[in-house]
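A quick write-up on the structure given underneath.
2 protein chains.
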Amino acid sequence: MTHSTAHDSHHHAHDWAQLLRGRGLRATAQRMAVLEFLHDHPHSDAETVFQAIRPALPTVSLQAVHLIVQDLSGKGLIRRISLPDSASARYETRIEDNHHHIQCIHCGRIEDVDCVVGHAPCLEPDDTHGMRIIEASIVFRGICQDCDALINQQAKEKP
Amino acid sequence: MTHSTAHDSHHHAHDWAQLLRGRGLRATAQRMAVLEFLHDHPHSDAETVFQAIRPALPTVSLQAVHLIVQDLSGKGLIRRISLPDSASARYETRIEDNHHHIQCIHCGRIEDVDCVVGHAPCLEPDDTHGMRIIEASIVFRGICQDCDALINQQAKEKP
DNA sequence: TATTTATATTGAACTACTAAAAACAACTGC
DNA sequence: GCAGTTGTTTTTAGTAGTTCAATATAAATA
Ligand SMILES: [Mn+2]
Ligand SMILES: [Mn+2]
Ligand SMILES: [Zn+2]
Ligand SMILES: [Zn+2]
């Protein structure tokens, strides 16, 4: 069996295999499928990844996805994000920078937010309580334009 | 039965009862115990609160604590905090200001951090993606002095 | 290609939390 | 103070997300 599928031509070929081996991990179809999907669909949870890669890998299990995202997070190939309110953890392949997130409290839509002023002022809190800061995770919460319009419309209809 | 117990003299009496009634909630022993404990032990999770108030209220249930923290959060009497890594939600009575948190990734210790520059610059991300920001929750993560010393010592012992 | 060993699968368990019905107790008004 | 009303708690069960342990599988290595 060769590696080329109909999918491969659609996007720049990320050499997930090489990336995995570079970290001492075996390049399995499951891991590459998870990486590929997360690259195209950042901020997905384990269940979403599982459902998405299932058609191509019929024998894959949800437990495997959990194992994989845990291993990949541990090796720094993906980042685990936990958002207030959503019970499940999200994952993304964008790990080069320390970026943050903004979420609509109405529809749950998540977007990336670059570090606040560029040079991570967020890494300099007022009082560190003697701690050496390693990172800051910021989650902005608000309402997106679509939901805002929707809410305004509903308010107009039933006042 | 009067309200005075051995505990009451130790700290300023917070009138939790009045606070609860002011929000249209009944002043039950369980709710007051939860408020009292969270006031003295901020950033506790439901299980911790449950174990702590159990001696004084032997019939209290963990489910009741979950219900209570949910109700109190809903009425704005306490704040729910979710931290990366810790599966369970934490609660605190400090709700007057929009403060943030710093956590040691080694021992889990949590401290309060005042809003970064005072006037919530955290509420002004670079790109809002069209969203109207309502709040920002920042969790700084680092290593506390104790753990730092411990880690350095271990490194010295086994090099 | 055979061997080794990491990884995936399977099935079960665990934790945080929620739901529904019944028992209880805080407020209301007498 | 006492009974009635109704909000809360208790009890019992259930769910979602995740982890664990044993076995099966397949990627790397020779
Ligand atoms: Mn992101
Ligand atoms: Mn706090
Ligand atoms: Zn929205
Ligand atoms: Zn520490």
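Chains as they are written, first to last, in the numbering used here: chain A, 1181 to 1339; chain B, 1181 to 1339. Positions of the beta carbon are idealized from the N, C-alpha and C atoms, including for glycine.
Residue nearest to residue i in terms of C-alpha spacing, selected from the options
i	options	result
M1212 of chain A	A:L1257, A:I1323, A:R1270, A:E1227	A:L1257
V1229 of chain B	B:L1330, B:T1273, B:D1326	B:T1273
L1252 of chain B	B:T1308, B:A1267, B:T1208, B:G1322	B:T1208
E1291 of chain B	A:C1287, A:R1312, A:F1217, A:D1292	A:R1312
D1277 of chain A	A:E1315, A:S1262, A:I1285	A:E1315
S1262 of chain B	B:L1199, B:E1337, B:F1320, B:G1202	B:F1320
S1317 of chain A	B:L1200, B:I1275, B:S1241, B:Q1283	B:Q1283
Rounded separation between residue i and residue j - CA only
i	j	result
A1197 of chain A	R1206 of chain A	8 Å
I1233 of chain B	L1215 of chain A	46 Å
H1246 of chain B	D1195 of chain A	46 Å
P1264 of chain A	A1269 of chain B	9 Å
Q1231 of chain A	L1237 of chain A	10 Å
G1204 of chain A	G1254 of chain A	12 Å
A1193 of chain A	H1219 of chain A	11 Å
H1281 of chain A	P1222 of chain A	11 Å
C1327 of chain A	H1309 of chain B	13 Å
Q1210 of chain B	A1267 of chain B	24 Å
C1287 of chain B	A1226 of chain A	27 Å
D1307 of chain B	T1239 of chain B	51 Å
A1329 of chain B	Y1271 of chain A	32 Å
S1224 of chain A	G1202 of chain B	42 Å
Q1177 of chain A	I1285 of chain A	Since the first residue of chain A shown is 1181 and the last is 1339, residue 1177 of chain A is not available in this structure.
I1323 of chain A	D1294 of chain A	18 Å
L1200 of chain B	Q1250 of chain B	14 Å
R1259 of chain A	E1337 of chain A	43 Å
I1248 of chain A	F1217 of chain A	13 Å
H1299 of chain B	H1279 of chain B	Per-residue confidence for H1299 of chain B stands at a pLDDT of 44, beneath the threshold of 50, marking its modelled position as unreliable; the derived number appears in the next sentence. Their Cα atoms are separated by approximately 11 Å.
Q1243 of chain A	Q1333 of chain B	38 Å
A1335 of chain B	S1241 of chain B	45 Å
I1275 of chain B	I1331 of chain B	35 Å
P1235 of chain A	P1235 of chain B	53 Å
R1289 of chain A	R1289 of chain B	31 Å
CB contact check: residue i to chain B, cutoff 8 Å
i	result
C1287 of chain A	no
S1253 of chain A	no
D1277 of chain A	no
H1262 of chain A	Residue identity check: residue 1262 of chain A is Ser in the sequence provided, not His. True, the Cβ-Cβ gap to chain B drops below 8 Å.
H1299 of chain A	Confidence in H1299 of chain A is poor, its pLDDT being 44 and thus under 50, which makes the residue's placement unreliable; the coordinate value appears in the next sentence. Output row for H1299 of chain A: interface = no.
E1272 of chain A	no
I1248 of chain A	no
C-beta neighbour in chain A for residue i, strict 8 Å
i	result
I1258 of chain B	no
V1293 of chain B	yes
V1245 of chain B	no
Report task. Would you list, in chain order, the members of the region 1304–1334 of chain A that have their beta-carbon closer than 8 Å to a beta-carbon of chain B? Result -> E1304, P1305, D1306, D1307, T1308, H1309, G1310, M1311, R1312, I1313, I1314, E1315, A1316, S1317, I1318, V1319, F1320, R1321, G1322, I1323, C1324, Q1325, D1328
Query raised in the report: If contact means a Cβ-Cβ distance below 8 Å, which residues of the region 1202–1236 of chain A contact chain B?
Result: none
Report task. When you get a sec, list the residues whose CB is within less than 5 Å of any heavy atom of ligand 2, chain order please. Result -> B:E1272, B:D1292
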